Amino acid sequence: MAKAFGIITSSADKKVAGLQEYRSIGAFSFLGRYRVIDFPISNFSNSNINNIQVYIASMPRSMVEHIGTGRHYNINSKRGKIQILFPDQTMANEVYNTNIKNFRRNIEQIKKMEKEYVVIAPSCMIFAQDYDALLQDHAQSGSDITLLYHKVTDAKKGYATCNVLDLDGNRVKGISACLSDKDEENIFMESYVMKTELLYSLIEKAAAVSSIYSLSDIVNAELKNMDVRAVEHKGFFAPITSLRTYLKANIDLINPENSDDLFKKDWPIYTRTTDACPTQYYATTSVKNSLISNGCLIKGTVENSVIGRGAVIEEGAVVKNCVISAYDKIGKGAVLENQVVDKYATINDGTKVIAPAATPGYIKYRDKL
Amino acid sequence: MKQNEMLAMILAGGRGSRLHDLTNKVAKPAVSYGGKYRIIDFPLSNCANSGISTVGVLTQYESVLLGSYAAKSGLWGLDTKDSGVYVLPPREKADSDLDVYRGTADAITQNIDFIDNYDPEYLLVLSGDHIYKMNYDKMLAYHKAQNAAATIAVMPVTLEEATRFGIMITDEDNKIIDFEEKPAHPRSTLASMGIYVFDWAKLRALLIKDKDDENSSHDFGNDIIPALLNGGEKLVAFKFEGYWKDVGTIDSLWEANMDLLDENNELNLNDPTWRIYTEDAAPLPAYIGPDAEIGAAYITQGTRVEGEVKNSVIFTGAEVGKGAHIIDSVLMPGVKVAEGATVTRALIANDIKVSKDAVVGSADSKEILLVAQDV
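Residue numbers (this note's numbering), protein chains in the order written: chain A, 1 to 369; chain B, 1001 to 1375.
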């Protein structure tokens, strides 16, 4: 068992059009059968971090239902637990709804953990990471905080609302918003390793300086007083920061080169099963380069798409570059391109909804069109 | 149902030797079916969905895998307080030596102490190797309404099939007046499904008597049912209509899988009101590659298909390489078919590898080819 407990932060500062009106980013369906939160929780569980706190800023229903007792994440039922923690109240002006405020509201729960270290991970980013290895590196390095980052070469697109690290070797010189016009950047993965004591003092300092400080703000402000180092993450990485990046992350993972990198035999990603039966395909089916969940009926054409559990694609329907969510019904002859269709939606026979790849469309939860 | 009003005992000790190499290392109830299930998921899910909370699984032949699987009570939701799935292989006792289960009835007799712990009013006896969905609570209600000592589930079969089953001869009120095991000239077409509800006190007394009877084969069909009839007890038939399959042979196992390709098949595994539960192996959704050709097929998650699949069932973890053809076939869990290979009218056993460009099975073969070694 690791000497650390885990914190998964809420993603109130990220805005994904459409989907986020119904649930927080962590509770978004992902790749047909998962939710985004399955990735950080599985990372902790696989890293032997069995005490996990999940912070939710708003709209808890879908997240609470999905996480439940946490038994499906393979967390020891006696020696570990998952807590779901709320801020109790949210402020009308969203700048006040920081993760620091959420920590302060639940400080007694943090104190109860009695672990020497804390590992903090985001609920809005898809990646695999061995936090136990990171924890050991951190302890050996003697530094105050270790941060995780991912080097990208397309920083101009898709990383809005992410932060970047200014590095000198592996020393962190600054944390700032990704506003750059450079292609190469070190995207901050909102993952921290530090002593629990240090987290307490950062929470108190942040509150003393500014009511709108988040954890990354106070770490940035204190950089000159602390030894903060960064470790580069290798492998698949996708922050869910917009509808476009959400669709792209799903479609990128159809490619086995990417999915093999994220889903390894010794690093399972756990989720809640719905006991759906296998998917039925018909003589009229044409499916190319797609991921298909269980419980679907597929009579039409599906290309380059991810299909959620229990979806029905009728004869003559054409679905290209789409995320079709659980229990959607796509009618006969309907055509969808570059769309994210939220759960339980019905697309009537013959309806055509086509968007350019750069600005994908969103079809609302339980909508009919 | 009141908790433990009726206890279920699943007979899961048989090898299923007509399944040949498929049951070399596992008992028949543990054989895979329908893309993601094992056969024993059906009686266990039926129990859970019927409100039965305690289930004994009587194992004997190659029981290690089956036993460890059935013991995961939570898979079927049978892990609430005072409920559970208990795996019961033969055991040594203070007053008797270790003995194998000598017959289906003897398996129950040797576990009278287990059943007595729960003090049930009724005992449900099931077979672990049948594929069907059934509400046992309805059967119990019928048993009570009829005030019977035993109720036997029956289904209509053809006259030809009747020669292979235990056949119940009933009067107009479904009262069983006679019973014939595999008759050459059947007098009825109502076949016993091997599903019994007994008044536990009556069955218990009979089993104790049967235990030391040297002329008995200690079997429900051969000994217990005739003894009840001869003793003047009221036995009734509970008519079942729907999908029921005893997959005794490779051909029938293949056929039961192929039945799933029909969207309107009677088994309907896509029924949200009567789910069949099974182990979740935490895999990705099915990956269908850019050059894949999918026709009528039943494909589960955790698979990779890059070739052609027509009229086939693909199980968890199976892979079909580029340019490979899978026609009228069943790929069991973990089967890997390399590029360019062709599989026709075959059932490929768990974890078998079919090498590049290999040709397996043929469209004209009368019987389904079982492939149980790498080719």
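Here a beta-carbon is modelled for each residue, glycine too, at the ideal position from N, C-alpha and C.
These figures come from a predicted structure and were not determined experimentally.
Check                                                                                                                                                               : Outcome
So for B:VAL967, helix, strand or coil by DSSP?                                                                                                                     : Given a span of 1001 to 1375 for chain B in the structure shown, any question on residue 967 of chain B remains unanswerable.
Measuring only between beta-carbons, confirm whether A:TYR282 sits less than 7 Å from chain B.                                                                      : yes
Are the beta-carbon atoms belonging to A:TYR159 and A:PHE188 less than 7 Å from one another?                                                                        : no
Do A:ILE251 and A:MET389 count as a contact pair if the criterion is CB distance below 7 Å?                                                                         : The structure shown does not extend to residue 389 of chain A, since chain A is modelled only from 1 to 369, so the question has no answer here.
Which one of B:ASP1021, B:GLY1034, B:ALA1030 has the shortest CA to CA distance from A:GLY295?                                                                      : B:GLY1034
Can you give me, in chain order, the residues of the segment 1242-1270 of chain B that have a beta carbon less than 7 Å from any beta carbon in chain A?            : GLU1263, LEU1269, ASN1270
Starting from the beta carbon of B:LYS1202, find every residue of chain A whose beta carbon is closer than 7 Å, and list them in chain order.                       : Residues of chain A passing the Cβ test: none, with the nearest at roughly 37 Å.
When you compare the CB of A:ASP252 with every CB in chain B, is at least one pair closer than 7 Å?                                                                 : no
Below 8 Å on the Cβ atoms is my guess for B:PRO1283 versus B:GLY1317; work out the distance and round it to an integer in Å.                                        : 7 Å
With a threshold of 7 Å between beta carbons, is A:LYS288 in contact with chain B?                                                                                  : yes
Here's a check: name, in chain order, each residue in its chain whose Cβ is nearer than 7 Å to the Cβ of B:LEU1203, leaving out the five neighbours to either side. : LEU1123
Should B:LYS1133 be flagged as near chain A, meaning a C-beta pair shorter than 7 Å?                                                                                : no
Is the beta carbon of A:LEU31 closer than 7 Å to that of A:VAL340?                                                                                                  : no
Would A:ILE240 pass as a contact of A:TYR192 if the rule is Cβ separation under 7 Å?                                                                                : no
On the DSSP bridge assignment, give the partners of B:TYR1136 in chain order.                                                                                       : DSSP lists no partner for B:TYR1136.
At the level of alpha carbons, what is the spacing between B:SER1045 and B:LYS1081?                                                                                 : 18 Å
When you compare the CB positions of B:GLY1128 and B:LEU1011, do they come within less than 7 Å of one another, or not?                                             : yes
With respect to 6 Å, is the separation between the Cβ of A:SER290 and the closest non-hydrogen atom of the ligand ATP below this value?                             : With respect to the ligand ATP, the structure shown offers nothing to examine, as it has no ligands at all.
At least one CB of chain A closer than 7 Å to the CB of B:LEU1300: is that the case?                                                                                : Sequence inspection shows Thr at residue 1300 of chain B; the Leu mentioned does not correspond to that position. Yes, B:THR1300 lies at the interface with chain A (some Cβ there is under 7 Å from its Cβ).
Below 7 Å between beta carbons: does that hold for A:PHE39 and A:GLY6?                                                                                              : no
Return the residue from the list A:GLU315, A:LYS14, A:LEU369 that minimises the CA-CA distance to A:ILE177.                                                         : Reading off the sequence, residue 177 of chain A comes out as Ala, not Ile. The shortest C-alpha separation from A:ALA177 is found at A:LYS14.
Under a CB-based cut-off of 7 Å, is B:ILE1040 close to chain A?                                                                                                     : no
Residues in its own chain within less than 7 Å of A:SER325 by CB, not counting five upstream and five downstream?                                                   : SER29, GLY308, VAL341, ASP342, LYS343
Please check if any C-beta of chain A sits within less than 7 Å of the C-beta of B:LEU1369.                                                                         : no
B:LYS1025: buried (16+ other C-beta within 10 angstroms of its C-beta) or exposed?                                                                                  : exposed
Take A:ALA249 as the anchor and find which of A:ASP217, A:LYS224, A:ASN321 has the nearest alpha-carbon.                                                            : A:ASN321
Out of B:LEU1269, B:GLY1302, B:THR1344, point me to the one whose CA is closest to A:SER259's CA.                                                                   : B:GLY1302
If contacts are defined as beta-carbon pairs under 8 Å, then B:ILE1299 and B:ALA1286 qualify, I think. What distance do you get, rounded to the angstrom?           : 5 Å
With DSSP run on the structure shown, which of helix, strand or coil describes B:GLU1367?                                                                           : coil
Near B:LYS1234, what residues of its chain come up, given a Cβ to Cβ distance below 6 Å and the 5 sequence neighbours on each side ignored?                         : ALA1148, ALA1149
Can you tell me whether A:LEU165 is buried or exposed? The criterion is at least 16 other CB atoms within 10 Å of its CB, across all chains shown.                  : buried
Quick one: is A:TYR96 buried, meaning 16 or more other Cβ sit within 10 Å of its Cβ, or exposed?                                                                    : exposed
Quick one: which chain B residues come within Cβ less than 7 Å of A:CYS277?                                                                                         : LEU1269, ASN1270
If we define contact as Cβ-Cβ less than 7 Å, is A:SER293 a contact residue for chain B?                                                                             : yes
Between the segment 328-340 of chain A and the segment 348-360 of chain A, do three or more beta carbon pairs fall short of 8 Å?                                    : yes
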